[in-house]
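The next block holds one structure in the form of C-alpha cells; read it before the comments.
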Amino acid sequence: MSNVYDLPEIDVAANTAACIISLPVSPGKAFYPEWVIVPDDVAEQFMIDDVKVGRNSQMVASASFPATLFAESAAPDRLGCDHIQGDRRLVLQVTNVSDRAARWRGKVAGRHEPSPDNVTPRGVILGFGQTEIPAGSPAQLSVQTQVQMRPRRLHVPRYLLEVFSVDGLYVGPYLDLPQGSKARPSALTRENLLDRGQVAFEPCDLVGISSFVAVSVTNKTQRPLTFTAALVADMCQ
98 MSNVYDLPEI DVAANTAACI ISLPVSPGKA FYPEWVIVPD DVAEQFMIDD VKVGRNSQMV
158 ASASFPATLF AESAAPDRLG CDHIQGDRRL VLQVTNVSDR AARWRGKVAG RHEPSPDNVT
218 PRGVILGFGQ TEIPAGSPAQ LSVQTQVQMR PRRLHVPRYL LEVFSVDGLY VGPYLDLPQG
278 SKARPSALTR ENLLDRGQVA FEPCDLVGIS SFVAVSVTNK TQRPLTFTAA LVADMCQ
C-alpha cells in the first residue's frame, strides 16, 4: 500500500525556477517514491525540469516536461524507483512558466518497502521541452536518449489539445527526421487519441523499442503557440 506525504509549499515568481525537496519521511526507513500528485490549477502553471530520488534522476533526456503529467486529473503512473537504492527524499526542479507568481504545492506517493515484483521495468520520463510553433504550421519534436526504451504513455496538457492536433508518435529507427523522412509511425495517432477521449493513455499497441522518439503536431490557430508534452517509457536493458 502506498503512503502519501505533502511536499513543501513554495511561492515561485513568474518565469522563475525553484527546487522542491521533500521532507524526510519515517526516519530510519528507506522511501521508494512512486508518483507525484499536483492540483490541476497548480500543474498548468509549471514545467518540471528534473525529478530526482536522492541524487538519481528519473529523466533520461534533459528537456523539461509539463507538470500536468502529475495533475490529479491525469492517469497516475509509476516512476520505477525500485531499481535504485531507496532514499528518503524526492527532489523536483520546477519552473513557473506563467506570467504571474504561483504557489507550488503537491504530494508524493510511495512505499517504504521495495516492490516484490523484481521484473518490473524501470519507468523513466522524457520531456519534449517547449517549442514555439508558427500559426497553422506542422512540426515534429524529437528526443534522443542514451538508452533504449519502450514508450508507454504520451501526455499532452488538456489545454493544448484545444489548439493543437497531435498527428502521430514516431519510434525510431531513424536518428533524425529530415523533411520527407519515412520514419515508422505507430498506431498512436490523432484519431485514436481523440477516440479514447483522454489526454494520458496507454498505447498497448505500441511495441517499438528505440533511443529516439518524435511527436508530430499542428498548430490549428492563427497565432504562434508553444507546445510541450511528456512521454513515460520503460527502460530496456
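Count along the sequence shown starting at 1, add 97, and that's the number in my numbering.
Yeah, the Cβ is synthetic: ideal placement off N, Cα and C, and Gly gets one too.
- Between the alpha carbons of Pro231 and Glu259 lies a gap of roughly 16 Å.
- Taking 8 Å as the cut-off, the beta carbon of Val191 is found closer than this to the beta carbon of Ile117.
- In the structure shown, the three-state DSSP call for Thr325 is coil.
- DSSP places Ala140 inside the alpha helix (DSSP H), whose first and last residues are Asp137 to Ala140.
- The beta carbons of Val139 and Arg202 sit about 6 Å from each other, so the pair counts as a contact at 8 Å.
- For Met246 and Arg186, the gap between their C-alpha atoms comes out near 26 Å.
- Out of Ala111, Thr165, Ala171 and Leu328, the CA that lies nearest to the CA of Ser239 is found in Leu328.
- For the pair Val133 and Val205, the CB atoms are nearer than the 8 Å cut-off.
- Residue pairing by DSSP puts Arg208 in a beta bridge opposite Tyr129.
- In this structure, Asn112 keeps its C-beta atom at 8 Å or more from the C-beta atom of Phe143.
- Between the alpha carbons of Arg320 and Gly151 lies a gap of roughly 42 Å.
- For the 8 Å CB-CB criterion, Pro254 and Val310 do not form a contact.
- Residue pairing by DSSP places Leu257 opposite no residue, since no beta bridge is assigned to it.
- At the C-beta level, Phe167 and Val135 come within 8 Å of one another.
- The DSSP-derived three-state label of Leu223 is strand.
- Secondary structure note for Thr242: its beta strand (DSSP E) is the uninterrupted segment Pro235 to His252.
- Setting aside the 5 residues that flank it on each side, Arg200 is surrounded in the same chain by Glu106, Ile107, Asp108, Val109 and Val139, each with a C-beta closer than 8 Å to its C-beta; the list follows chain order.
- The C-beta distance from Ile145 to Leu104 rounds to 12 Å, too long to meet the 8 Å contact threshold.
- For Pro235, the number of other beta carbons within 10 angstroms of its own is below 16, and it is reported as exposed.
- Residues of the same chain with a CB within less than 7 Å of the CB of Arg175, apart from the 5 flanking positions on each side, are Glu131, Trp132 and Gly220 in chain order.
- A distance below 6 Å between beta-carbons, with the five flanking residues on each side excluded, links Ser170 to the following residues of its chain, in chain order: Asp137.
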